[in-house]
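Down below is the structure, laid out as structure tokens.
In the working numbering, the protein residues as written are 3 to 146.
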């Protein structure tokens with residue numbers, strides 16, 4: 003186990019990360035550069051602004067594997083998510099099922115999620131989720 007209490011990750015090739023995303027094993031690292039990025043996050047420690055910048059770069063990567071790993075790494079930020087990171091996470095919702103599943107698990111109290119938002123960002127989160135659900139319902143029907 004790592005210092006953060008996580009199981010040693012299994013790395014999947016980047017081209018397989020999105021196609022074979024497994025929501026039951028969210029802790030798996032998907033990108034070959036994840037260990038380097040996790041080391042950078044560890045080295046930055048409590049320097050939240052710098053870690054937020056790193057997460058934003060990861061979350062806006064064209065590589066889905068890097069984005070998925072960033073979602074898991076966001077859970078290790080102490081305290082609520084900085085608003086720019088929350089915004090980038092929410093930007094993934096409309097188009098990426100795997101990211102949506104990981105974000106859901108990150109916020110789910112039932113699944114041990116550790117993503118939190120500041121009270122002033124709650125409205126942003128709830129509005130974005132409501133828009134996302136409305137889109138899903140219009141696309142897939144009212145039983146979504």
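Even for Gly, the Cβ is constructed at its ideal location relative to N, Cα and C.
Distance, residue j Cα to residue i Cα
{"i": "residue 80", "j": "residue 33", "result": "23 angstroms"}
{"i": "residue 64", "j": "residue 70", "result": "11 angstroms"}
{"i": "residue 120", "j": "residue 92", "result": "15 angstroms"}
{"i": "residue 90", "j": "residue 66", "result": "13 angstroms"}
{"i": "residue 130", "j": "residue 35", "result": "30 angstroms"}
{"i": "residue 190", "j": "residue 136", "result": "The requested residue 190 does not occur in the structure, where the chain is confined to residues 3 to 146."}
{"i": "residue 103", "j": "residue 138", "result": "13 angstroms"}
{"i": "residue 41", "j": "residue 122", "result": "31 angstroms"}
{"i": "residue 124", "j": "residue 113", "result": "20 angstroms"}
{"i": "residue 48", "j": "residue 56", "result": "13 angstroms"}
{"i": "residue 111", "j": "residue 143", "result": "27 angstroms"}
{"i": "residue 101", "j": "residue 115", "result": "14 angstroms"}
{"i": "residue 45", "j": "residue 52", "result": "11 angstroms"}
{"i": "residue 132", "j": "residue 50", "result": "28 angstroms"}
{"i": "residue 43", "j": "residue 37", "result": "10 angstroms"}
{"i": "residue 128", "j": "residue 88", "result": "12 angstroms"}
{"i": "residue 106", "j": "residue 145", "result": "18 angstroms"}
Own chain, CB closer than 6 angstroms to residue i, minus 5 neighbours either side, in chain order
{"i": "residue 134", "result": "95"}
Spatial neighbours of residue i in its chain, beta-carbon cut-off 7 angstroms, leaving aside the 5 residues before and after
{"i": "residue 117", "result": "76, 77, 83, 108, 109"}
{"i": "residue 86", "result": "54, 58"}
Cutoff 8 angstroms; reference residue i; Cβ partners in own chain excluding five residues on either side
{"i": "residue 60", "result": "39, 68, 69, 71, 72, 75"}
{"i": "residue 141", "result": "none"}
Enumerate, from N- to C-terminal direction, the unbroken alpha helix (DSSP H) stretches of 4 or more residues contained entirely within the stretch 96-134.
Whole alpha helix (DSSP H) segments, 4+ residues: 99-109.
List in chain order: all unbroken alpha helix (DSSP H) runs of 4+ residues lying wholly within the stretch 34-88.
Listed in chain order, the alpha helix (DSSP H) elements of length 4 or more contained wholly in the stretch 34-88 are 36-46, 50-61, 66-76.
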